[in-house]
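One structure is given here, and the rest of the page talks about it.
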Amino acid sequence: MNNLVASAKKFFKNKNVVTIIGVVVILILLYVGYSTQINNAVEPVQVPVATQTIQPRTEITDDMVQMVDMPNVSLSDNVIRSRSQIVGQYSNVNSVIPEGSMFYTDTVISEDELPDAAFAKVKSGEVVYNFPVDMESTYGNSIFPGNMIDIYMKVGNGTDERIMLGKLIENVEVLAVKDSSGRAVFENTSEDRTPAMLIFGLKSDLYTILKKASYMESLGVELYPVPHGGEVAEEGATQVSTQQLVDYIDAHSVNIPVPDETDDNDELMPTVSETGGNPNTVTITFPEGCDGTYTCTYVKDGGRSQTVTGTTQELVYTGNGTLTATVQEKDGTPHSITIDIPMNNSTE
């Protein structure tokens with residue numbers, strides 16, 4: 040045993056032997072490390088890719104994404120590796136994502152990051168309104184998208200004893216708050232952005248009323264938002280109803296009449312024809328159903344209303360006159376036509 044220990048000591052005291060062993064160990068470590076790095080680099084990982092070409096501003100749905108194996112070494116840091124981070128998001132406004140392409144952080148954005156996201160939230164039948172504001176009128180930049188506000192209106196230039204002040208429009212949902220450059224005020228917390236406009240939607244009649252009022256600065260009209268539920272008090276003010284304010288706006292503006300439009304496709308509208316001459320035979324044609332489904336009537340020369348149960352009714356005129364024919368549905372909806380006789384002078 041002592042001889043074995045002595046031989047081992049003698050072996051390791053040989054510098055050449057120790058050097059060789061050290062080199063071998065280093066080579067083994069280098070090989071293991073290199074092999075591990077190579078294996079990790081070429082080991083396939085699953086990443087989402089596009090199953091079709093995705094155009095800008097397009098919502099990315101589940102069928103547009105599939106998972107494929109890709110070498111880990113081929114993936115850059117800005118590649119999105121999770122399907123859940125893509126589905127439900129949008130392709131960027133300046134990005135087309137080709138079929139088979141991976142998704143990158145700068146090509147996929149949320150709906151709120153779309154430059155015109157507010158417009159997409161406007162309800163059917165509403166018109167987008169841009170309401171000018173500043174830091175003071177937004178209560179120190181305290182009106183946020185999604186908040187409900189009322190629009191108050193003040194009338195008077197301060198020279199009279201009293202002014203009018205009241206709620207013009209209520210329950211308005213703020214869709215976006217933007218600065219003077221059109222950037223969303225609250226999208227970037229690292230910048231101090233000053234509010235310059237509130238974006239919201241209004242029915243066309245309310246849009247017209249508010250827009251008219253916005254052009255009446257020379258009359259001392261001021262408009263400003265109030266968080267929903269709040270009330271505005273101003274010294275010397277007389278609180279008025281919404282209708283009074285609307286009446287004031289209408290009294291200081293001109294309404295452009297919208298011509299009545301007749302629906303040529305109204306199948307329930309009665310039709311009228313005439314033979315002309317004197318006497319003049321006028322024929323009213325009603326739709327099927329006057330015997331129970333609808334109430335069909337006519338009025339000749341402003342007289343009493345007469346009920347019709349058939350599909351045609353003939354009347355004789357010996358001079359000028361008027362005729363009104365009506366088909367009324369069971370819910371009370373009328374389909375009526377009024378004409379002058381003879382019909383070459385008629386107005387519908």
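Heads up: the sequence shown is residues 40 to 387, going by our numbering.
Note that the Cβ used here is the ideal one computed from N, Cα and C, for glycine as well.
Quick check on the burial criterion: 16 or more other C-beta atoms within 10 angstroms. Buried or exposed for residue 146?
That one is buried.
Note down the Cα distance separating residue 102 from residue 183, rounded to an integer number of angstroms.
Their backbone Cα atoms lie some 34 Å apart in a straight line.
Confirm, please, whether the CB-CB distance from residue 92 to residue 161 is below 8 Å.
At a Cβ-Cβ threshold of 8 Å, residue 161 and residue 92 do not count as neighbours.
Using the three-state DSSP reduction, which class does residue 243 fall into: helix, strand or coil?
DSSP places residue 243 in helix when its eight states are reduced to three.
Using the Cβ count rule (16 or more neighbours within 10 Å means buried), how would you classify residue 365?
The residue in question, residue 365, is buried, as its Cβ has 16 or more Cβ neighbours within 10 Å.
Can you tell me which of 244, 380, 100 and 231 puts its alpha carbon nearest to the alpha carbon of residue 17?
Here the chain comprises residues numbered 40 to 387, so residue 17 is not present and cannot be evaluated.
Measuring only the C-alpha atoms, how far is residue 171 from residue 239?
Near 11 Å, if we compare the C-alpha coordinates of residue 239 and residue 171.
CB contact flag (residue 258, residue 192, <8 Å):
It is not a contact, given that the beta carbons lie outside the stated cut-off.
Can you find at least 3 beta carbon pairs, one from the stretch 281-296 and one from the stretch 320-338, that sit closer than 8 Å?
Between the stretch 281-296 and the stretch 320-338 there are fewer than three inter-stretch CB-CB distances shorter than 8 Å, so the stretches are not counted as touching.
Output the distance between the C-alpha atoms of residue 163 and residue 242, rounded to the nearest integer angstrom.
Going from the Cα of residue 163 to the Cα of residue 242 covers about 9 Å.
Considering residue 347, what are the terminal residues of the beta strand (DSSP E) in which it resides?
If you look at residue 347, you'll find it in the beta strand (DSSP E) that goes 345-347.
Between the Cα of residue 138 and the Cα atoms of 64, 88 and 179, which residue gives the shortest distance?
For the residues 64, 88 and 179, the minimum Cα distance to residue 138 belongs to 88.
Check whether the Cβ atoms of residue 111 and residue 71 lie closer than 8 Å to each other.
In this structure, residue 71 does not lie closer than 8 Å to residue 111 by Cβ.
Thinking C-alpha only, which one of 188, 132 and 149 is nearest residue 125?
Just measuring C-alpha positions, the residue of 188, 132 and 149 sitting nearest residue 125 is 149.
Are the beta-carbon atoms of residue 211 and residue 202 separated by less than 8 Å?
No, they are not a contact pair.
Own chain, CB closer than 7 Å to residue 59, minus 5 neighbours either side, in chain order
Same-chain partners within the cutoff: there are none.
Out of 344, 67, 311 and 282, which one is the CA nearest neighbour of residue 351?
Residue 311 is the option with its Cα nearest to residue 351.
Can you tell me the Cβ-Cβ gap for residue 173 and residue 234, rounded? I've got them flagged as a contact below 8 Å.
In this structure, residue 173 and residue 234 form a Cβ contact; the two beta carbons are roughly 7 Å apart against a cut-off of 8 Å.
By Cβ distance, which residues of its chain are closer than 6 Å to residue 208, with the 5 residues on each side in sequence left out?
Excluding positions up to five away in sequence, the list reads 190 and 245.
Cβ-based neighbour list, residue 375, same chain, cut-off 6 Å, excluding 5 preceding and 5 following:
Around residue 375: 365.
Would residue 122 pass as a contact of residue 104 if the rule is Cβ separation under 8 Å?
Contact flag set, yes.
Compute the distance between the beta-carbons of residue 36 and residue 346, then report whether it is under 8 Å.
There is no way to answer for residue 36, as the model of the chain reaches only from 40 to 387.
Taking the alpha carbon of residue 290 as the point to measure from, which residue in 265, 331, 153 and 248 has its own alpha carbon closest?
Considering only alpha carbons, the answer is 248.
Residue 185 and residue 213 - do their beta-carbons sit closer together than 8 Å?
Against a cut-off of 8 Å, the Cβ pair of residue 185 and residue 213 comes out as a contact.
Report buried or exposed for residue 339, applying the criterion of at least 16 other Cβ atoms within 10 angstroms of its Cβ.
Answer is buried; the Cβ neighbour count reaches 16.
Helix, strand or coil, according to DSSP, for residue 263 in the structure here?
Three-state result, residue 263: strand.
Do you know how far the Cα of residue 327 is from the Cα of residue 343?
Taking the straight line joining both Cα atoms gives about 23 Å.
Between the CA atoms of residue 61 and residue 69 - distance to the nearest angstrom:
Spanning the two alpha carbons is a distance of roughly 12 Å.
How is residue 58 classed by DSSP in three states: helix, strand or coil?
In the structure shown, residue 58 sits in a helix (DSSP, three-state: H, G or I).
Roughly how many whole angstroms lie between the Cα atoms of residue 97 and residue 169?
For residue 97 and residue 169, the distance between alpha carbons rounds to 25 Å.
Is it the case that the Cβ atoms of residue 188 and residue 86 are separated by a distance below 8 Å?
In this structure, the beta-carbon distance from residue 188 to residue 86 does not fall below 8 Å.
Helix, strand or coil, according to DSSP, for residue 375 in the structure here?
In this structure, residue 375 counts as strand in the three-state DSSP scheme.
For residue 260, which residues from the same chain have a beta carbon less than 6 Å from its beta carbon, with the 5 sequence-adjacent residues on both sides left out?
The residues are 194 and 252.
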